[in-house]
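Going by the working numbering, the letters in the sequence shown line up with residues 771 to 1188, in that order. Just so it is clear, CB atoms sit at the ideal spot from N, CA and C, and this is done for glycine as well. Notes follow the structure.
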Amino acid sequence: MERKNKRDQILIKICCVIASFILWLYIFNIEDPMRERKIVVPVTIVNKDALAQSKLVQIDNQSATISLLIKGNASNVYSVKPSDFKLQSDLSAYVMKKGGNNIPVEVKKSPDNVSILNNENLWIKVQLDELKQKSVPVRIGVVGKPKEGYYALDPVLNTDKVEISGAADAVNSVKYAAAACDVKYAGSDVNTSVKLQAQDSFGNVVKDVTINPSPIKVTVPIGKVKTVPVNVKIQGNTANGVVPNSIVSNPDKVDVSGDENVIKSISSLDTEPVDLSKIGSSGSIEVKLVVPKGVKLVNNSGKVELNVNINNQAAASSDKSGQKTMNLNIQVRNLNAGYTASLGSNSVSAVFNGSTNNIDSLNENNISCFVDASSLSEGTHTVNVVVSMPQGVSLVSQDPQKISIEIKKKTSEGQNGN
């Protein structure tokens, strides 16, 4: 009996729920009472170009929205969507000023079955700033590593400056326009177009500005890497008249890159002349390398360290120094088989400096004078003349420092016929 009562109670509750739902459906669909509702609708801002005539620009470019209070039958009020409305603000219809501007909103389209209760008081606030323009430099970074034995040279741009326009505060913070070029695994020049970003002095991206032109065309030359020796140049004499036992460059070789035709003529890199009169004892000094135009150092700051060794005993005995001028025949080294070489000049006049003993023992057997033809192809080239001398002797000057060399293929003699 008790179980039957519980079952009856459950049935009663279910019937009440069903009855309530039916009653709600009746009221909603048959009676359909009037209801009010707020709905957020986007606002389209038109004729922004008119701001430029007043030297103004919008600085809050976020989408504008407004809250509409609508009224109608419940079925209609709750079924409308924001896309059923079209709201618009026309910037060309009003006088604007720097700062906040309240712009009226017009209702261009709305559903016929609902009414807008607050359509007489619709406004949006637009923040304006002074329109400014300025020119900034372009910076192109290189990312990635080319193929082994190659190096990315300085990018070449079709324009090195662009115009930035926008709100004064934003434009004032822009220092340059930047982009990056990927040269990963490249074995030849990389030609591409890059989209520029406005950046401040800390490298942060500055938004809401216009860059013109963008994108721009960029070429990143990819040059071969060549290893060449460092040639230490010295001038003058030490204060005590003693010639250093040795001046060794660290590193003694550097990697260079550049256009292939330029790199072919590079057999060594000179240092800036070292003034011996400013050296009184053994030690280390830092000197700059003389880098020819069109040549770029690879993984080097442009400086080398020279380790200078002066014999203190020789200094104490005041071993006098002397100079010697010699005419040296120029040799051609590393000429590819099957080729011949003709030099524009066959000899070099060189002036050497060193201790009297070292200068007296100087002869053609312990001096070499040559040009390196290892990377030269058929044709005429201008190359450096390398003069190598024993330790304790330095090269003061040489004439000439460069000569022309003509490379030709060997001609084989024809055989006589029978």
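Taking DSSP as the reference, what is the three-state secondary structure of residue i?
| i | result |
| --- | --- |
| Asp-899 | strand |
| Ala-1085 | Low per-residue confidence applies at Ala-1085: pLDDT is 48, beneath 50, and the placement is therefore not dependable enough to give any value. |
| Val-787 | helix |
| Glu-1030 | helix |
| Gln-823 | helix |
| Pro-812 | strand |
| Lys-987 | strand |
| Leu-1105 | coil |
| Lys-1048 | helix |
| Ile-792 | helix |
| Val-847 | helix |
| Pro-1170 | coil |
| Leu-857 | strand |
| Pro-852 | helix |
| Ile-1100 | coil |
| Gln-779 | helix |
| Ser-862 | helix |
| Met-1159 | coil |
| Lys-1180 | coil |
| Ile-1036 | coil |
| Lys-1066 | strand |
| Gly-1006 | coil |
| Gly-1072 | coil |
| Ile-1175 | strand |
| Val-908 | strand |
| Asn-1015 | coil |
| Leu-1165 | strand |
| Glu-888 | Glu is not the amino acid found at residue 888; the sequence shown has Asn there. Note: Asn-888 maps to coil in three-state DSSP. |
| Lys-818 | coil |
| Lys-868 | coil |
Assign residue i to buried or exposed, taking buried as 16 or more other Cβ atoms, counted over all protein chains shown, within 10 Å of its Cβ.
| i | result |
| --- | --- |
| Gln-1171 | exposed |
| Cys-1139 | buried |
| Thr-997 | exposed |
| Tyr-921 | buried |
| Ser-849 | exposed |
| Thr-929 | exposed |
| Lys-825 | exposed |
| Asn-1133 | exposed |
| Asp-1045 | exposed |
| Cys-951 | buried |
| Ser-1019 | buried |
| Gly-993 | buried |
| Phe-750 | This structure cannot settle anything about residue 750, because the visible part of the chain is limited to 771 through 1188. |
| Pro-925 | buried |
| Ser-1035 | buried |
| Val-953 | buried |
| Ser-1027 | buried |
| Asn-1001 | buried |
| Gly-1108 | exposed |
| Ala-822 | exposed |
| Lys-1066 | buried |
| Ala-789 | exposed |
| Asp-1142 | buried |
| Ile-981 | buried |
| Thr-1041 | buried |
| Gly-1162 | buried |
| Gly-973 | exposed |
| Val-813 | buried |
Pull the bridge partners of residue i from the DSSP assignment, please.
| i | result |
| --- | --- |
| Ser-1091 | Ser-1125 |
| Asp-882 | Answer by DSSP bridge pairing: none, since Asp-882 is not bridged. |
| Ala-834 | Val-813 |
| Gly-1053 | Val-1078 |
| Lys-1023 | Pro-999 |
| Glu-806 | Lys-841 |
| Ile-829 | DSSP output for Ile-829 lists no bridge partner at all. |
| Pro-874 | Trp-893 |
| Lys-994 | Tyr-920 and Gly-1028 |
Please report the Cβ distance between residue i and residue j, rounded to the nearest whole angstrom; I am assuming they are in contact, meaning their Cβ atoms lie under 8 Å.
| i | j | result |
| --- | --- | --- |
| Val-975 | Ala-968 | 7 Å |
| Ser-1164 | Asn-1123 | 5 Å |
| Ser-1047 | Gly-1006 | 4 Å |
| Pro-874 | Ser-859 | 7 Å |
| Asn-1079 | Ser-1119 | Contact doesn't hold; Cβ gap of about 29 Å is too wide. |
| Leu-1212 | Ser-1117 | Given that the chain is displayed from residue 771 to residue 1188, the structure contains no residue 1212 and the question cannot be resolved. |
| Asp-899 | Ile-809 | The Cβ separation is near 32 Å, so there is no contact. |
| Ser-984 | Leu-966 | 4 Å |
| Leu-892 | Lys-841 | At roughly 16 Å, the Cβ-Cβ gap does not stay under 8 Å, so Leu-892 and Lys-841 are not in contact. |
| Asp-978 | Asn-817 | No, Asp-978 and Asn-817 are not in contact; Cβ-Cβ is about 19 Å, not under 8 Å. |
| Pro-1062 | Lys-1003 | 14 Å between Cβ atoms; not a contact. |
Secondary structure, beta strand (DSSP E): runs of 3+ residues fully inside the region 913 to 979: Correct list: 920 to 922, 931 to 937, 946 to 952, 960 to 964 and 967 to 969.
Segments assigned alpha helix (DSSP H), at least 4 residues, entirely inside the region 1107 to 1153: Taking 4 residues as the shortest admissible run, the region 1107 to 1153 contains the following complete alpha helix (DSSP H) segments, listed from N- to C-terminal end: 1126 to 1130.
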